[in-house]
Amino acid sequence: MKIGSSSRVTRYASWPRIRKSLKGAPWFPLVILVLFLVVGVFGRHLAPHDPLNINVEIRLLPPFFMEGGSLQYLLGTDHLGRDVLSRLIVGTGVSLQVSLVVIAVAASIGALVAIVAGYLGGWVDTILMRLVDIIMSMPWIIIALVFAAVVGAGVRNIIIILSIFAWPGYARVLRGEVLRIKQGDFVRLAVVAGAGKARIMLRHIFPNIVNTLVVISTLQVGSIILAEAGLSFIGVGVPPPQPAWGAMAANGVTYIFTQWWLALLPGVAIVLVVMSTNLLGDWLRIRLDPKFRQL
Amino acid sequence: MWRYILKRLLQAVICILGVSVIIFMLARLTGDPALLMAPFGSPVEVILALREKWGLDLPIIVQYWRFISNAVQGDLGLSLRFGTPVITLWLDRLPNTMLLAGVSFAIATVAGVFGGVTSSVKPGGWFDKLGKTVAFLGISVPVFLTAIVLIIIFSVNLRWLPVYGTGTWQHLIMPAFALAWASSAGQLRLTRSAMLDVLDAEYIKMARVKGVPEYKVIAKHALKNASIPIITMAALQFMVLFSGTVIIEFIFAWPGIGWLAVEGARNRDFPVVQACALMTSVLFITINLAVDILYAYIDPRIKYQ
Chain P
6 MKIGSSSRVT RYASWPRIRK SLKGAPWFPL VILVLFLVVG VFGRHLAPHD
56 PLNINVEIRL LPPFFMEGGS LQYLLGTDHL GRDVLSRLIV GTGVSLQVSL
106 VVIAVAASIG ALVAIVAGYL GGWVDTILMR LVDIIMSMPW IIIALVFAAV
156 VGAGVRNIII ILSIFAWPGY ARVLRGEVLR IKQGDFVRLA VVAGAGKARI
206 MLRHIFPNIV NTLVVISTLQ VGSIILAEAG LSFIGVGVPP PQPAWGAMAA
256 NGVTYIFTQW WLALLPGVAI VLVVMSTNLL GDWLRIRLDP KFRQL
Chain G
108 MWRYILKRLL QAVICILGVS VIIFMLARLT GDPALLMAPF GSPVEVILAL
158 REKWGLDLPI IVQYWRFISN AVQGDLGLSL RFGTPVITLW LDRLPNTMLL
208 AGVSFAIATV AGVFGGVTSS VKPGGWFDKL GKTVAFLGIS VPVFLTAIVL
258 IIIFSVNLRW LPVYGTGTWQ HLIMPAFALA WASSAGQLRL TRSAMLDVLD
308 AEYIKMARVK GVPEYKVIAK HALKNASIPI ITMAALQFMV LFSGTVIIEF
358 IFAWPGIGWL AVEGARNRDF PVVQACALMT SVLFITINLA VDILYAYIDP
408 RIKYQ
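Chains as they are written, first to last, in the numbering used here: chain P, 6 to 300; chain G, 108 to 412.
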């Protein structure tokens, strides 16, 4: 067989396979998440107005679908006359940045701790798992307040504090996986073959926890976004005047009796994204491992 | 049995020490806690005097020893804003938070367990589908949004319930429900899956064959055996719920620990925030310990491990 035709054969064979693997994929959540990603990255260029531009003359305009709203400010303006839609769009960037960085940091630390603790066992395991217990027994939101009182509010500080509280969850679930994988014949054979501990952990154990790692990460994105919004809401997140969804909702609460939509709109944005990541995570969990039932 | 309790007690003490080390270190992140503890804008002499008083020039181990021995004696410093001992502030606010957390925990547990059991009786039925949707929304909606929607419906439009403050039972309804939803979702999911596992067991079939009425099979034979994971989850959910009180108290101006901590952080009243963090962690660890000891009574297998 010629090389050319064989590559065509694989291409034919691969397209239905991709389609099959995407069968039943949650399309609506995927569309929302792609939108979240695009708006999060290019938000500053997509916003119709400057999100920081204060214009008190047009303050508290209602959205276009309500009486008195205008198409120029689609979702109305806030108490300082800033365009709500632009602030929502630019605020997407904060949620995206915080959730992606926290997931990356927490997943790396969590996986490393799980593999080292689970594979080596003994006192290393005891110490690391005790540390996990300690962190998990702390009220994260109040510790975040302590942190904010010491070093002040800001995106970087939110990322640090959420990473500290996110990795133990990974470590606990993944360690269980490692303990199971460690018993596998292929690991014993690798030991017999003379592979070093580092090599076994990296080449034999790590690839086997990647699926679980992906599933936990997807399910975690939602809770990280919720946590970030919560911190911004109580005023220890992104400092004003930078827009963040949680802080916008908190500002809106002041005007809830007259301009109720100000508090509601950022909340709707959060729900759409969090719901989408949760739906995608549930789908991935069933797709990647039907037996995986934790979280 | 005693061995098990002793072991858990020791673990709890280690946990509390670990938490105290972390909080102690946090205060020293900027290098000089005197700047944090001194009233804002104090003259240099005051700050130097405080440094002297707290022995901040001493080795860090000695400083930690002072911190922990003062804390054990109930001395966590004075509030910069109110000038009163922070421990009294915390203790004054504790009943309010316990009331809010307790009521909403009760709602969440009753709704979650009832919903979970009913869903598991007929998996795939209409109640199961409804329960799944409600639980899914519960984990996807931020707690402050639930509160906002409740306020818009019941305070702004219907004018049935008061938004801010405390005092009457009407003040408790919205905060308690907003808090309860998210944690009832977790309880419902877990109760359902624990029940489904148990309902498959031989002794359930045996009970049915014997002619035990169905409601008795569910309530007595199945639920009792599914109760261990449910209690674990309930304890975990209490912690989640307690963290949620911070946001809820802030929205509804509910004078509890959460609000105290938020106000402390916003006014840079460091001793208050620090005390809230330390005392609340100790409370969490104590609750966990109590739940673990409770297990040993419920599940006799644990005693022999």
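Even glycine gets a Cβ: it sits at the ideal position worked out from N, Cα and C.
For Arg292/P and Leu303/G, the gap between their C-alpha atoms comes out near 22 Å.
A direct Cα-Cα distance of roughly 12 Å separates Met253/P from Leu85/P. Near chain G, meaning a CB-to-CB distance below 9 Å, the residues of the segment 130-156 of chain P are Arg135, Leu136, Asp138, Ile139, Ile140, Met141, Ser142, Met143, Pro144, Trp145, Ile146, Ile147, Ile148, Ala149, Leu150, Val151, Phe152, Ala153, Ala154, Val155 and Val156. Per the coordinates, the alpha-carbon of Trp197/G lies some 47 Å from the alpha-carbon of Asn213/P. Within the segment 273-303 of chain G, no alpha helix (DSSP H) run of at least 4 residues lies entirely inside it. Sequence-ordered contacts of the segment 248-275 of chain P with chain G read Ala254, Val258, Ile261, Phe262, Trp265, Ala268, Leu269, Gly272 and Ile275 [C-beta pairs closer than 7 Å]. Close to Leu231/P, with beta-carbon spacing below 7 Å, are these residues of chain G in chain order: Pro249. Put simply, the backbone Cα of Ala112/P is about 10 Å away from that of Val118/P. Partner residues in the beta bridge of Pro192/G, as assigned by DSSP, are Leu185/G. Residue-level contact by beta carbon holds for Arg375/G and chain P, with a gap shorter than 8 Å. The C-alpha of Arg158/G is placed about 19 Å away from the C-alpha of Arg375/G. 8 Å or more divides the Cβ of Met108/G from the Cβ of Phe377/G. Runs of beta strand (DSSP E) with 3 or more residues, each lying fully within the segment 144-203 of chain P, are absent. Cβ neighbours of Met206/P within its own chain (closer than 6 Å, five residues either side excluded): Ile120 and Tyr124. Counting every other CB atom within 10 Å of its CB across the protein chains shown gives Phe33/P a total below 16, marking it as exposed.
Inclusion of Leu285/P and Leu105/P in the CB contact set at 8 Å is not warranted, their separation being larger than that value. Less than 8 Å separates the beta-carbon of Val155/P from that of Leu133/G. Within chain G, the residues whose beta carbon sits less than 9 Å from that of Gly240/P are Phe357, Val369, Ala372 and Arg373, listed in sequence order.
Here Asp88/P is bridged, per DSSP, to Thr82/P. Using a Cβ-Cβ distance cut-off of 8 Å, the segment 261-273 of chain P and the segment 229-239 of chain G are not in contact, since fewer than three pairs of beta carbons, one from each stretch, lie closer than that value.
The Cβ-Cβ distance between Gly365/G and Phe357/G falls below 8 Å. C-alpha of Thr97/P to C-alpha of Gly251/P: approximately 11 Å in a straight line. Contact between the segment 273-291 of chain G and the segment 204-212 of chain G is present: 3 or more CB-CB pairs across the two stretches fall below 8 Å. Comparing alpha-carbon positions, the option among Ser186/G, Ser149/G, Ile255/G and Ala141/G lying closest to Val273/P turns out to be Ile255/G.
When Cβ-Cβ separations below 8 Å define contact, Val380/G makes contact with chain P. Using a CB distance cut-off of 8 Å, Ser290/G does not count as an interface residue toward chain P. Scanning its chain for C-beta atoms nearer than 8 Å, with the 5 sequence neighbours on each side dropped, one finds around Val219/P the residues Leu289 and Leu293, in chain order. In the assembly as shown, Trp172/G is an exposed residue. Its beta-carbon has fewer than 16 other beta-carbons within 10 Å.
Where Asp235/G is concerned, the enclosing alpha helix (DSSP H) starts and stops at Trp233 to Ser247.
The way I'd put it, the segment 381-397 of chain G does touch the segment 131-150 of chain P; three or more beta-carbon pairs between them come closer than 8 Å. Judged by DSSP secondary structure, Thr263/P falls outside any alpha helix (DSSP H); it is assigned neither H nor E.
In the DSSP assignment, Ser237/P falls within the alpha helix (DSSP H) that extends over Phe211 to Phe238. Contacts with chain G at 8 Å (Cβ-Cβ) include Met280/P.
Relative to the Cα of Leu65/P, the nearest Cα in the group Gln188/P, Pro56/P and Leu80/P belongs to Leu80/P. Asn162/P does not reach chain G, its nearest Cβ partner there being about 10 Å away, counting only Cβ pairs nearer than 7 Å. Ala171/P has a beta carbon lying at 8 Å or more from every beta carbon in chain G.
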